[in-house]
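Protein sequence lines correspond, in order, to chains A and B.
For the first sequence, this note's numbering gives the first residue as 484, with consecutive numbering after it.
For the second sequence, this note's numbering gives the first residue as 484, with consecutive numbering after it.
Glycine included, every Cβ here is placed at the ideal spot set by N, Cα and C.
These numbers come from a predicted model, not from an experiment.
Inspection log for the structure reproduced underneath, given as structure tokens.
2 protein chains.
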Amino acid sequence: MFESAEVGHKVEKAAYDKEEPGLREALLNAQFDLSAQGKFAVLILIGGVDGAGKGETVNLLNEWMDPRHIRTVAYGDPSDEERERPMMWRFWRSLPPRGQIGVVFGSWYTAPIVDRVLGKSTDIQLGHAIDRILHFERMLSDEGVLILKFWFHLSKKAQKKRLEELESNPHTRWRVTTLDWERFKIYDKFSKISAHALRETSTAHAPWTVVEGSDPRYRSLTVGKILLEAMRKRLKQKAPPKEPTEAPPFVPVVDNLQLLRSLDLTQKLDKKTYEKRLEKYQGELNLASRNRKFRNRSLILLFEGSDAAGKGGAIRRITGALDARQYAVIPVAAPTSEERVQPYLWRFWRHVPRLGRVTIFDRTWYGRVLVERVEKFCAEQDWMRAYSEINEFEEQLVESGAIICKFWLQISEDEQLKRFKLREKTSFKRFKITEEDWRNRKKWNDYEAAVADMVDRTSTEIAPWTLIEAEDKLFGRLKVVKTVAERLEKEL
Amino acid sequence: MFESAEVGHKVEKAAYDKEEPGLREALLNAQFDLSAQGKFAVLILIGGVDGAGKGETVNLLNEWMDPRHIRTVAYGDPSDEERERPMMWRFWRSLPPRGQIGVVFGSWYTAPIVDRVLGKSTDIQLGHAIDRILHFERMLSDEGVLILKFWFHLSKKAQKKRLEELESNPHTRWRVTTLDWERFKIYDKFSKISAHALRETSTAHAPWTVVEGSDPRYRSLTVGKILLEAMRKRLKQKAPPKEPTEAPPFVPVVDNLQLLRSLDLTQKLDKKTYEKRLEKYQGELNLASRNRKFRNRSLILLFEGSDAAGKGGAIRRITGALDARQYAVIPVAAPTSEERVQPYLWRFWRHVPRLGRVTIFDRTWYGRVLVERVEKFCAEQDWMRAYSEINEFEEQLVESGAIICKFWLQISEDEQLKRFKLREKTSFKRFKITEEDWRNRKKWNDYEAAVADMVDRTSTEIAPWTLIEAEDKLFGRLKVVKTVAERLEKEL
């Protein structure tokens, strides 16, 4: 992996001086076009060996281009707000929006590689982390992000020479600490493990470039030229690659509609039984939310269902059992302008709760495979890939301590019509029916197919779907509260 | 202050049951209108004595209304990201957007009152904190936020009775800790200091309501009715109070144009001297940014100037001396949709740097008193009040450790024309001149007056303006870098 970066690449000063001004101007112009087009983000990852010019390169990129449209993020120790969420949360929160360049120093590669080198993790854990990275970068690329990854390398000999030189100069001696020499001792191990990680993660859409770090002029020109070429190539594409590059995904059609249709919607509860049992489960839920063990967990509740299926009512039966200081209800509507320039899942990541907290989503990331699929707001390959992106997202949530319950509230077409008509007469304004509600209703069958596929593909052991027979409001609400209460009891 | 909340207010069950459903429906409808109008935010502050029903009331509001459009925020210990910024940062970051209700539990009143009660602060410090609060709430109100503050009170006798009752019941005994009794011992002091704070901060636009907390039915109806009335009244106003309620502010006209006109724009530097001196000051700047003492400070640089005055060039001479991992450059353009539904300063607060970091604003919060004033994007009373809001903002920044340098880059009309014409020929696309640039140019005199006023009114000892003679680019850039370097040296 690193062989070609140990051959002693060099650029003479004259050659550099000749090439640099043009490169710089071209980069600035490309950056301007990127910003003016506003169609994709550029993400530059900087990794590698200490002393190979990582920091210098980051500074150089900011010097060459317009620093006002570059977001440089250096990840050191996570803050406490970051520690209480999935590892990737901190990276999500600082992704560059479309039209901008993000320079990432100390990226999602640092912890997995360093942990493995120091023996804090196993090969299996490293493999798992690599899988996660592959998924993440695949997703970014599918969302149109141009990813460039640079690894700055120094041969063992060059590394040793560098440390010795720094030490021999009284002005730079302070820069060399015992830690540096300790790190040097594990050079081979570090080299082996990072080579492995790089090989595994050098993909067509997010390739690594290994840059020999000893000659500043060589490494600067190399990075600059690769960046320029990649940006220019992408800028020339008329539209972001909306068309599938591969054959359209094969969608196995199974008769999964039975899943929904076999629900027994006639189930009912009388008011008295409902109230008695609701009190019981709300009590259990309240107790669980104050359980000491819950301080190291979080709870994420997802609500989906057709219009008027009773999501709001079910949510209020949950919040009624909780302390308002502990939960947040996130109604998912049209994305804001800041959300629109980010990858699809960004607007959900920003609401991931800290430990000890509850987040309730009224409509969720499943909008991608429901309304966006049915209304054709996104291309088929985009919602098709959403299934695995979502599973991956939820897996990360669960690994960080979240308990996830997903509810689909099912009513019959007739019941919906009845509720619409009733709502038209009600004095509660929030229940007013809009034109859109009537329009959605006409696509009942399309939604039914989308729901069946969704449940099929995303009901995992760690984050199962619970289908709620919501024809009878009382029955539906109780089943929701009961499911959450029992789930919490089991998990804590 | 608390006398009327110790008389033993009570509401009988029958009366409550009669009133509650109508109130609830009315609140829901008002909440719907609030959300549909989207013209102002409602901010409900909850404070008071322990056991007087604060938490219960927060829960009740969420139960009565639609929790999906309420943001309940409970402020406990600040996170490390919050601790490294001004005290008010955490409150700014969770302000409700227009159309929503924010319920704040443990607000900006908690720390000042508790610190004073525990003897951690002096009367003078409490007074200072109260002034800050008055400014903050005045600003929120001017920005259209409807503020309601509820203080839940229990008489000393009632408080004692409550603790004793809880203790005598084996099921609730655990809720009473020795801390509760210790707090009870300082009841009088707490009461006296909070009464003082409440009196000082009960203003026409943000009045306190003291609610007797012993009877849940009474306190619930009281809060509900006051909230409803306030929302209804505001909802009926056709537009947010854009018209000044008082007489238009008196703007003293001083002949302050000399300030700018007396700048000696003929000052020049030759390339060689420039490069030598630039290197010196960049070196100093770099050294200062790595100074140990800087880890407990932050640096905020503000750049304003007419088009083509050379802000970008000056900024790059600053960033060139810093590590890209340490600074962020924030180009201020049109606000995003999330920024537009918040008070004006919100979009700048979100970029306030942590300790040890540098934030450079390319155009700033002074846009309010420059472009927004000249182009009449905001009403006169809005930009007039901006001066003091800005001073208050900068004071908070400085108190939290920030070093602020503000630069106005001045060129002559002729020089601007020359640069515009030159830019039209350049191959650097980012320098292209737009229609708007030509339009702005026609308002040269208006801008000049606005700048003179701005410098007059906001050049404070803690955050002074530096006027930069930018006619000669080299001279201007050097003065900027020199000013920052010298300022840092002085402060560290």
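Hey, does residue i have any beta-carbon neighbour from chain B nearer than 8 Å?
i: E564/A; result: yes
i: V541/A; result: yes
i: L511/A; result: yes
i: F923/A; result: Note on residue identity: the sequence assigns Asn, not Phe, to residue 923/A. No, its Cβ sits nowhere closer than 8 Å to a Cβ of chain B.
i: D625/A; result: no
i: G795/A; result: yes
i: R808/A; result: yes
From which residue to which residue does the alpha helix (DSSP H) around residue i run?
i: E918/B; result: E918 to R924
i: R715/A; result: P699 to K719
i: G531/B; result: Unbroken run through G531/B is the beta strand (DSSP E), V525 to G531; no alpha helix (DSSP H).
i: I616/A; result: D606 to D625
i: A678/A; result: Y670 to T684
i: V835/B; result: Here V835/B belongs to no alpha helix (DSSP H), and DSSP marks it neither H nor E.
i: A641/A; result: K639 to S651
i: K965/B; result: K956 to E974
i: I873/B; result: E863 to E882
i: W575/B; result: W572 to R576
i: P595/B; result: T593 to V600
Mind checking residue i: buried by the 16 CB within 10 Å criterion, or exposed?
i: R599/A; result: buried
i: R744/A; result: exposed
i: V628/B; result: buried
i: Q825/A; result: buried
i: R922/B; result: exposed
i: R551/B; result: buried
i: I607/A; result: exposed
i: H654/B; result: exposed
i: P727/A; result: Caution applies to P727/A, whose pLDDT of 49 falls short of 50 and renders its modelled position unreliable; the value that the coordinates give is listed next. P727/A comes out exposed.
i: A817/B; result: exposed
i: A680/A; result: buried
i: E875/A; result: buried
Should residue i be flagged as near chain A, meaning a C-beta pair shorter than 8 Å?
i: V812/B; result: yes
i: H834/B; result: no
i: D598/B; result: no
i: N769/B; result: no
i: I783/B; result: no
i: H654/B; result: no
i: I798/B; result: yes
i: T819/B; result: yes
i: P550/B; result: yes
Since residue i contacts residue j with CB under 8 Å, what's their CB separation in whole angstroms?
i: W591/A; j: F574/A; result: 6 Å
i: R970/B; j: C888/B; result: 6 Å
i: A488/A; j: M714/A; result: 23 Å between Cβ atoms; not a contact.
i: E974/B; j: I886/B; result: 5 Å
i: E443/A; j: L748/A; result: Nothing can be reported for residue 443/A, as the shown portion of chain A is limited to 484 through 975.
i: L740/A; j: A935/A; result: 5 Å
i: I813/B; j: W848/B; result: Wrong, their Cβ atoms sit about 11 Å apart, outside the cutoff.
i: D920/B; j: D790/B; result: 5 Å
i: E931/A; j: L853/A; result: Not really, about 11 Å apart at Cβ, beyond 8 Å.
i: S772/A; j: L805/A; result: 5 Å
Once DSSP output is grouped into helix, strand and coil, what is the label at residue i?
i: Q750/A; result: coil
i: R581/B; result: coil
i: P727/A; result: Note on P727/A: pLDDT 49, under 50, position unreliable in the model; no value is reported.
i: L828/B; result: coil
i: V587/B; result: strand
i: R851/A; result: helix
i: T842/A; result: strand
Which residue marks the beginning of the beta strand (DSSP E) containing residue i, and which one marks its end?
i: Q809/A; result: From DSSP, Q809/A is part of no beta strand (DSSP E); its letter is neither H nor E.
i: F482/A; result: Chain A is shown only over 484 to 975; residue 482/A falls outside these bounds and no answer can be derived.
i: V693/B; result: W691 to E695
i: I1002/B; result: The structure shown has nothing for residue 1002/B, since chain B only spans 484 to 975.
i: K632/B; result: L629 to H636
i: F890/B; result: A885 to Q893
i: V556/B; result: I553 to A557
Against residue i, what residues of chain C qualify as contacts under a CB-to-CB distance less than 7 Å, listed in chain order?
i: G803/B; result: The question asks about chain C, but that chain is absent: this structure's protein chains are A and B.
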